[in-house]
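Under our numbering, think of the first position of the sequence shown as 30, with each following residue one higher.
Structure record follows, encoded as structure tokens.
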Amino acid sequence: MKMTNTATETAIRTAHITIPNGDLQIDAYLAEPLAEGTFPGVIVIQEIFGVNIHIREVTERLAQEGYVAIAPAIFQRIAPGFEAGYTPEDIQIGRKYKEQTKADEILSDIQAAIAYLKTLPNVNSDAIGSIGFCFGGHVVYLAATLPEIKATASFYGGGITNSTPGGGTPTITRTPNIKGTLYAFFGTEDAGIPQEQTEQIEAELEKHQIPHKVFRYPADHGFFCNHRSSYNAEAAADAWVKVKELFQKELQTKV
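Quick look at the structure:
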């Protein structure tokens, strides 16, 4: 277990843990405030690169903001222990693993992560949200249909309008089942997510009266990740403010 602190941030502790889901043990990274009390929980969903340094850092940042954050390994069933950087080779293998995932298994594993959070004495089980990036941005759109998820931050989730993990009806068709508030973040220079797709997502959220906001930045895919060449500091900083606004409104007020 690691503990960190700075003069301006909440002291936190971190740990590598496992989450039980039937016979499956899911590796996960947990970060939580050291302070006494109860806190909202946040599920952090990886890109195609595993629970790597970027995802661990996001998990820690959330803990510093007063959340118990947990990042389950979404590729546990396919590639236990997988963690990669952002080289073309990493992208190729990450995409290969992503294509082997199935929506029902992913949702089952996220449900197991939620159940784990609920066992922790410092978690308010009525205040759970999620945040995801890239593939994880798509996954959290799916997970927003789970009844426990009160707030979702979806970053540049590709394929929402025309696919779902494992095949079948596109994820966007599940929009009516979203239970809480959803914020979606996109880069207008992201060739993988055309503007018409982001407009379709926004239209579906409006049609089904899902509380939402959609943010578009003059940035490329992966703009929030400071380990990627596409990192856009200005867009990332603004998006983080919006994430904190979402979770403060939908989760912190429930504690």
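Using N, Cα and C, we set each Cβ at its ideal position, and we do this for glycine too.
Does DSSP put E89 in a helix, a strand or coil?
-> In the structure shown, the three-state DSSP call for E89 is helix.
Following the continuous alpha helix (DSSP H) through S154, name the residue where it begins and the one where it ends.
-> For S154, no alpha helix (DSSP H) run applies; the uninterrupted beta strand (DSSP E) run containing it begins and ends at V152 to F162, by DSSP.
Pairwise C-alpha distance: E65 and Q129 = 41 Å
What did DSSP end up calling F68 once you bin it into helix, strand or coil?
-> strand
Check S259 in the structure and name its three-state DSSP category.
-> coil
Complete alpha helix (DSSP H) runs within the stretch 138–213 (minimum length 4 residues, chain order) = 164–172
Which residues in the same chain as Q229 place their Cβ atom closer than 6 Å to its Cβ, once the five residues preceding and following it in sequence are excluded?
-> T190
Would you tell me roughly how many angstroms separate the C-alpha atoms of I139 and T181, rounded to the nearest one?
-> 13 Å
Cβ of I157 within 8 Å of Cβ of E134?
-> no
Would DSSP call T35 helix, strand or coil?
-> Low local confidence applies: a pLDDT of 41 at T35 is under 50, so the model's placement there is unreliable, with the coordinate-based value given in what follows. Residue state, collapsed to three classes: strand.
Same chain, Cβ closer than 8 Å to V272, neighbours up to 5 away in sequence not counted = I160, A182 and Y212
Just how far apart, CA to CA, sit P247 and A262?
-> 12 Å
Write down the C-beta distance between F215 and I222 rounded to the nearest angstrom, noting that I regard them as a contact closer than 8 Å.
-> F215 to I222, Cβ: 6 Å. Contact.
Per-residue burial, T148 [other beta carbons within 10 Å of its own, 16 or more giving buried] = exposed
Specify, as a first and last residue, the run of the alpha helix (DSSP H) that Y126 falls within.
-> P117 to K127
Starting from I99, follow the alpha helix (DSSP H) in both directions and report where the run begins and ends.
-> In the DSSP assignment, I99 falls outside any alpha helix (DSSP H) and lies within the beta strand (DSSP E) extending over V97 to P101.
From what residue to what residue does the alpha helix (DSSP H) around I230 run?
-> Going by DSSP, I230 is part of the alpha helix (DSSP H) stretching over Q224 to K236.
Assign D52 to one of two classes, buried (16 or more other C-beta atoms within 10 Å of its C-beta) or exposed (fewer than that).
-> exposed
Per-residue DSSP class, three states only, for D267 | helix
Where does E235 land, buried or exposed, given buried means 16+ other C-beta within 10 angstroms?
-> Exposed.
Three-state class that DSSP yields for H45 in the structure shown = Three-state DSSP puts H45 in a strand.
Taking Cβ to Cβ, would you say I48 is nearer than 8 Å to A142?
-> yes
DSSP beta-bridge partners of Q349 | Nothing about residue 349 can be reported from this structure: the residues present for the chain run from 30 to 284 only.
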